[in-house]
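Novice:
Here's what the structure looks like:
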């Protein structure tokens with residue numbers, strides 16, 4: 305249900321996403337494909353708006369986690385290439401065939417399933433193969449990799465392999481030696497697949513340099529304004545602005561407490577503004593007594609706990625606050641971007657984005 309009172313507004317700037325995509329294209333060679341990772345509903349921002357914007361920006365390759373996500377993206381565009389990172393997670397392979405999806409094969413069992421299905425329908429389906437080079441999560445493990453490479457003709461119909469990929473475990477920390485080890489392992493593997501595309505780099509991997517780029521890179525968080533590196537300045541445009549209206553103002557006296565658990569006790573007379581969002585909207589309880597929003601250029605602090613639907617700010621120093629019925633607090637924006645606020649609660653910008661709730665009145669701008 306849409307927030308018809310517009311007490312909370314989440315604006316997604318599509319122009320910023322386009323700008324971020326173009327920034328990534330400038331970091332890779334002209335013959336390197338820049339795909340887009342749009343899993344989790346484009347990191348919580350909405351595939352129905354973001355996929356078309358990326359398509360108009362030149363993107364033709366998209367990565368999702370699940371078959372359901374792939375089907376949602378296919379509804380948006382009939383011609384793009386859609387890769388399913390989690391592989392053959394559906395039991396109905398006819399869906400893969402019908403909607404022209406590309407599963408990323410993560411183990412021998414999946415490879416055998418797809419080969420058996422191709423024999424049944426007498427048609428080759430496009431697939432990608434993921435080799436685990438050190439993440440120890442998805443992908444063919446060391447034993448499966450060795451078996452495949454030594455007996456590849458037995459297991460693989462090369463004509464339908466459109467991509468060979470792996471995933472970096474520590475790309476957000478360029479100094480980690482593991483990055484080089486994974487690159488070396490991947491280079492050994494792709495020698496066996498000279499006639500298909502190769503992909504290793506995600507958002508952070510792109511910043512490790514062109515030797516990590518190969519034929520295709522798969523940015524995700526950087527498209528949405530997140531800094532993919534731990535200790536470097538962010539070069540990507542902020543994409544979201546979240547603001548919430550102060551729905552009630554009250555005066556409290558010295559020694560009054562605020563919120564559940566009475567975790568804040570006033571040291572003086574104060575004016576408190578209540579805002580209608582909380583942890584049900586993806587705004588973490590860890591921000592309790594630990595967050596600053598903005599009213600215009602003035603910084604204001606959360607006082608008390610974040611509850612399910614409400615948070616309270618100290619608005620004592622906002623001039624005329626008691627008489628103004630139309631004051632909004634900037635929760636996330638250019639002054640308070642996802643890279644900044646995530647450090648408050650020792651998390652990552654990915655989590656801040658993907659937890660954005662459904663109750664916000666969502667708007668999209670392209671300027």
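In the working numbering, the protein residues as written are 305 to 671. Note that beta-carbon positions come from the ideal geometry of N, C-alpha and C, so glycine has one too. The model shown is predicted, which means the values in this text are computed figures rather than measured ones.
Output needed for residue 322: all residues of its chain with C-beta closer than 7 Å, excluding positions within five of it in sequence on either side, in chain order.
Specialist: 357 and 361
Novice: Could you tell me which of 667, 447 and 419 sits nearest to residue 465, measuring between CA atoms?
Specialist: 419
Novice: Go through the stretch 529-598 residue by residue and report every complete run of the beta strand (DSSP E) that reaches 3 residues or more, in order.
Specialist: 544-549, 552-556 and 574-579
Novice: CB-CB under 8 Å to residue 391, same chain, minus the five flanking residues each way: which ones, in chain order?
Specialist: 407, 408, 409, 410, 411, 414, 434 and 442
Novice: May I have the straight-line CA-CA distance separating residue 615 from residue 346, to the nearest angstrom?
Specialist: So the alpha carbons of these two residues sit roughly 27 Å apart.
Novice: Mapping the DSSP letters down to three states, classify residue 468 as helix, strand or coil.
Specialist: Three-state result, residue 468: strand.
Novice: Do residue 625 and residue 543 count as a contact pair if the criterion is CB distance below 7 Å?
Specialist: Their beta carbons are not under 7 Å apart, which means residue 543 does not touch residue 625 by this criterion.
Novice: How many whole angstroms separate the CB atoms of residue 608 and residue 593, which I take to be in contact at a CB cut-off of 8 Å?
Specialist: 7 Å
Novice: Cβ of residue 431 within 7 Å of Cβ of residue 405?
Specialist: no
Novice: Reducing DSSP to helix, strand and coil, say where residue 325 ends up.
Specialist: helix
Novice: Just the C-alpha distance for residue 532 and residue 663, rounded to the nearest angstrom, thanks.
Specialist: Each residue's Cα considered, the two are about 28 Å apart.
Novice: According to DSSP, residue 634 sits in a beta bridge with which residue or residues?
Specialist: 547 and 598
Novice: Under 7 Å Cβ to Cβ from residue 590, same chain only, skipping five residues before and after it: list those, please.
Specialist: 649
Novice: If you measure between the beta carbons of residue 468 and residue 494, is that distance less than 7 Å?
Specialist: yes
Novice: Within 7 Å (strictly less), CB to CB, does residue 554 reach chain C?
Specialist: The structure shown contains no chain C, having only a single protein chain.
Novice: On the CB-based measure, 16 or more other CB atoms within 10 Å of its CB, does residue 324 come out buried or exposed?
Specialist: buried
Novice: Quick one: grab the DSSP three-state call for residue 511.
Specialist: coil
Novice: Counting along the chain, where does the alpha helix (DSSP H) carrying residue 653 start and finish?
Specialist: 653-658
Novice: Count the other C-beta atoms from every protein chain shown that fall within 10 angstroms of the C-beta of residue 396, then say buried if there are 16 or more, exposed otherwise.
Specialist: exposed
Novice: Can you look up residue 368 in the DSSP assignment and give me helix, strand or coil?
Specialist: When DSSP states are grouped into helix, strand and coil, residue 368 belongs to the strand group.
Novice: Rounding to the nearest angstrom, what Cα-Cα distance links residue 351 and residue 602 in this structure?
Specialist: 34 Å
Novice: Can you find the residues in the same chain that come closer than 7 Å, C-beta to C-beta, to residue 639, ignoring five residues on each side of it along the sequence?
Specialist: Excluding residues within five positions, the ones whose Cβ falls inside 7 Å are 598.
Novice: Taking 7 Å as the threshold (C-beta atoms), are residue 475 and residue 438 in contact?
Specialist: Against a cut-off of 7 Å, the Cβ pair of residue 475 and residue 438 comes out as no contact.
Novice: If we ignore side chains and look at the alpha-carbon of each, how far apart do residue 674 and residue 393 end up?
Specialist: The first residue shown for the chain is 305 and the last is 671, placing residue 674 beyond what the model contains.
Novice: At the level of alpha carbons, what is the spacing between residue 576 and residue 527?
Specialist: Rounded to whole angstroms, residue 576 to residue 527 spans 37 Å at the Cα level.
Novice: What would DSSP say about residue 490, mapped onto helix, strand or coil?
Specialist: helix
Novice: Going by CA-CA distance only, name the one from 314, 320, 383 and 369 that's closest to residue 389.
Specialist: 369
Novice: Judging by CA-CA distance, which residue of 367, 318, 363 and 355 is the nearest neighbour of residue 506?
Specialist: 367
Novice: Quick check on DSSP: helix, strand or coil for residue 407?
Specialist: strand
Novice: Rounded to whole angstroms, what's the CA-CA distance from residue 666 to residue 365? Just pull it up for me.
Specialist: 26 Å
Novice: Spatial neighbours of residue 680 within its chain, please: C-beta separation below 6 Å, excluding the five flanking residues on both sides.
Specialist: For the chain, the structure presents residues 305 to 671; residue 680 sits outside this window and is missing.
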